[in-house]
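**Q**
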Amino acid sequence: MKRLFELIRRLTPTGNAGSQIAKSLVWVGSQNALGRVIQLSMLVILARLVGPTELGLVGIALLALSALRKFTEIGLNAALIHQKEDNVDSYLDTVWLLEIGRGVLVGGIMFLAAPLIASFFGEPRAVGLLQATAIVPVLTGLKNPGIVYFDKNLDFHKEFAYQIGAEIVRFVVSVAYALVEPTAWAFVVGFIAGNVTRFGLSYAIDSYRPWFRFDMDAAKELIDYGKWMTGSSILFFLNTEGDDAFVGWFLTPAALGFYQYGYRLSNAPATEITQIIARVMFPAFSKLQDDTERLREVYLKMLRMTSFVSFPAAFGIAAVTPTFVRAFLGPDWTGMIVAMQILAVYGLLRSVGKTFGPVWKATGRPDIITKLSAFRLVLIALLIYPLTARYGIAGTALTVTLIYVFPMMPIDIYIIRGTIDATYREIFYEFVYPFTASVVMFAGVWLVHLNLAINPILKFAILTVTGIVLYVASVLVLEVQFDWGIRQNLNTLITNVKS
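Take the sequence shown: its position 286, counting from 1, is numbered 344 in our numbering, and each next residue is one higher.
Here you go:
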């Protein structure tokens, strides 16, 4: 126990900027990895117990909640993190009251509009689920606003306790409920329990205590920064979940269950890795916003680490998807295999794309995110109907993936190049090596998949080990033969953590 406390003390984000960032990456990485393992374990268990149609009903409730949240997002936390001052206590009471108002508004609309939302999707069984879920935004609004310091001060060891505690409660409640009554309510009850836990932990972990004090000038300042975040949030929902809504409306709840599960399982590793890095780097980038040379240096290192992990994650998922679905989800879920493989490629593109946003937000240009999201939405609207009508959920997956390949990714790279004053060669250099190693890995894993007819669970284990060995071997060859530089980055990260 003494050694555990000593390890926690050493990993508490202190020291110089590099050390703080490295230790923060360890905490956020551990949090996201453990949190994602808990979530995916819960999803797999519920998929087996409940089935795609029931989980499609849950998808309707979560879609409605996400839409209302995104349409009322005013970027308060991002505005606080963007502040150069370390102490933002003078803003917190105002933020708390604004978030309470937003939570009551979202919850009230969701509760009252539940019959209309269910009717839109042609599923009256979703009404009760929608109304029960309406309590969640109210709980979110009541949370302690002081938790913004977890991000602002890189205190991610506190965030770890806050998030993982809630995920454990959610897992236990959901699975226990599903074992007794395998219906959509298992997911919803667990979701509510997790948010009740977050509410309680926000006050247990942070000492700030909000009160009913409202500062109009502070509100105007925060909302002025966040106005582009509002538009960006709306467009982000339409871009990332509009396809879910279309599938739920145009096809069936079962198809929505297939698509959402395929999306979550295929995108989780690659995008979670980038989210870890981006979340830590936004506060760090904000402190470097006036130093373009240093900003470029730090960004390219971040892109290298992101690509190093995201490329093999996406290629690996595409290779093992058929075996994974049959081994862990069962025959009822085979209809999502092709869509999940396509969405793995989309997850890779998203993971790279997620590295751009923190730079634009940190340099005071969140409007770029909004404008690009609007353009991408127009392209999705033009293609999603014909491709989905022809190919089902695989066509929906093709829509979002192809648009990211072209024209969105080339445009993103063109703009980020100007923001950090980098060359195209500097940016594309970070993609070449992980792409090469991942192609070698994919080819080897797929070859084994085609020639191995054994128990699906054992086969999945063999494919996973094969992929890891091939990728590590390829990375070592590239590092030795071409001086990739990834070993130096990893050594720097480890040194900063130890220091």
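Here a beta-carbon is modelled for each residue, glycine too, at the ideal position from N, C-alpha and C.
If we ignore side chains and look at the alpha-carbon of each, how far apart do Glu64 and Val356 end up?
**A** Summary for Glu64: the model assigns pLDDT 49, below 50, so the residue's position carries little reliability, and this model does not support an answer.
**Q** Measuring CB atoms only, is the segment 196-212 touching the segment 147-166, in the sense that at least three cross pairs come out at less than 8 Å?
**A** yes
**Q** Distance, Cα to Cα, Gly525 vs Ala495?
**A** 10 Å
**Q** Under 8 Å by Cβ, that's how I've got Asn202 and Ser148 pegged, so tell me the actual separation to the nearest angstrom.
**A** 16 Å between Cβ atoms; not a contact.
**Q** Gln141 lies in the alpha helix (DSSP H); which residues open and close that run?
**A** First-last for Gln141: undefined, no H or E at that position.
**Q** Buried or exposed for Trp542, please, with buried defined as at least 16 other CB atoms from any protein chain shown within 10 angstroms of its CB.
**A** buried
**Q** Would you report the Cα separation of Thr459 and Ser124, rounded to the nearest angstrom?
**A** 22 Å
**Q** Buried or exposed for Phe540, please, with buried defined as at least 16 other CB atoms from any protein chain shown within 10 angstroms of its CB.
**A** exposed
**Q** Output the boundary residues of the alpha helix (DSSP H) element that contains Glu279.
**A** Met274 to Thr298
**Q** So, using beta-carbon positions, are Ala242 and Leu174 closer together than 7 Å?
**A** no
**Q** When the Cα atoms are used, what is the spatial distance from Gly252 to Arg228?
**A** 5 Å
**Q** Which residue spans inside the segment 415-477 form an unbroken alpha helix (DSSP H) run of at least 4?
**A** List check, alpha helix (DSSP H) in window: 424-449 and 451-461.
**Q** If you draw a straight line from the alpha carbon of Ala276 to that of Phe129, how long is it in whole angstroms?
**A** C-alpha separation (whole angstroms): 22 Å.
**Q** Please report the distance separating the alpha-carbon of Thr111 from that of Val230.
**A** One Cα belongs to Thr111, the other to Val230, and the distance between them is close to 22 Å.
**Q** Among Val164, Ser82 and Ala105, which has the Cα closest to the Cα of Arg322?
**A** Ala105
**Q** Anyone know if the C-beta pair for Ser82 and Leu212 falls short of 7 Å?
**A** yes
**Q** Can you tell me whether Tyr482 is buried or exposed? The criterion is at least 16 other CB atoms within 10 Å of its CB, across all chains shown.
**A** exposed
**Q** Leaving out five residues before and five after Leu113 in sequence, what residues of the same chain have Cβ atoms less than 6 Å from its Cβ?
**A** Gly315
**Q** Report buried or exposed for Phe386, applying the criterion of at least 16 other Cβ atoms within 10 angstroms of its Cβ.
**A** buried
**Q** Mind pulling the alpha helix (DSSP H) runs of 4 or more residues that sit fully within the segment 234-266?
**A** Assignment of alpha helix (DSSP H) within the segment 234-266, counting only whole runs of 4 or more residues, yields 243-263 in chain order.
**Q** From Ile331, Gly450, Asp209 and Asp470, pick the residue whose C-alpha is nearest to that of Ala91; which is it?
**A** Ile331
**Q** Can you say whether Ala236 is buried or exposed, counting buried as having 16 or more other CB atoms within 10 angstroms of its CB?
**A** By the neighbour-count rule (16 or more Cβ atoms within 10 Å), Ala236 is buried.
**Q** Using a 10 Å radius around the Cβ and a threshold of 16 neighbouring Cβ atoms, would you call Tyr603 buried or exposed?
**A** This structure leaves residue 603 out entirely; the chain is present only between 59 and 557.
**Q** Which two residues bound the contiguous alpha helix (DSSP H) that contains Met398?
**A** Ile395 to Gly411
**Q** On the three-state DSSP scale, how would you describe Asn202?
**A** In the structure shown, the three-state DSSP call for Asn202 is coil.
**Q** Can you look up Phe486 in the DSSP assignment and give me helix, strand or coil?
**A** helix
**Q** With H, G and I counted as helix, E and B as strand and the rest as coil, what does DSSP make of Ala480?
**A** coil
**Q** For Ala377, which residues from the same chain have a beta carbon less than 6 Å from its beta carbon, with the 5 sequence-adjacent residues on both sides left out?
**A** Phe500, Val503 and Trp504
**Q** Do the CB positions of Pro240 and Asp151 come within less than 7 Å of each other?
**A** No, the Cβ-Cβ distance between Pro240 and Asp151 is not below 7 Å.
**Q** State yes or no: is the C-beta of Gly393 within less than 7 Å of the C-beta of Ala372?
**A** no
**Q** Mark Tyr472 as exposed unless 16 or more other C-beta atoms lie within 10 angstroms of its C-beta, in which case mark it buried.
**A** Exposed.
**Q** If you compare alpha carbons, which of Leu437, Arg423, Arg256 and Val498 is closest to Gly476?
**A** Arg423
**Q** Could you tell me if Ser291 is buried or exposed, where buried requires 16 or more neighbouring beta carbons within 10 angstroms of its beta carbon?
**A** Around the beta carbon of Ser291, 16 or more other beta carbons lie within 10 angstroms, which makes this residue buried.
**Q** Excluding the five sequence neighbours on either side, which residues of its own chain have a C-beta within less than 6 Å of the C-beta of Met398, listed in chain order?
**A** Within the same chain, Met398 has close Cβ partners Gly320, Ser324 and Thr379.
**Q** Val498 and Ser532: beta carbons closer than 7 Å?
**A** Yes. Within cutoff.
**Q** Using a Cβ-Cβ cut-off of 7 Å (strictly less than) and excluding sequence neighbours within five positions of Ile281, which residues of its own chain qualify?
**A** Ile132
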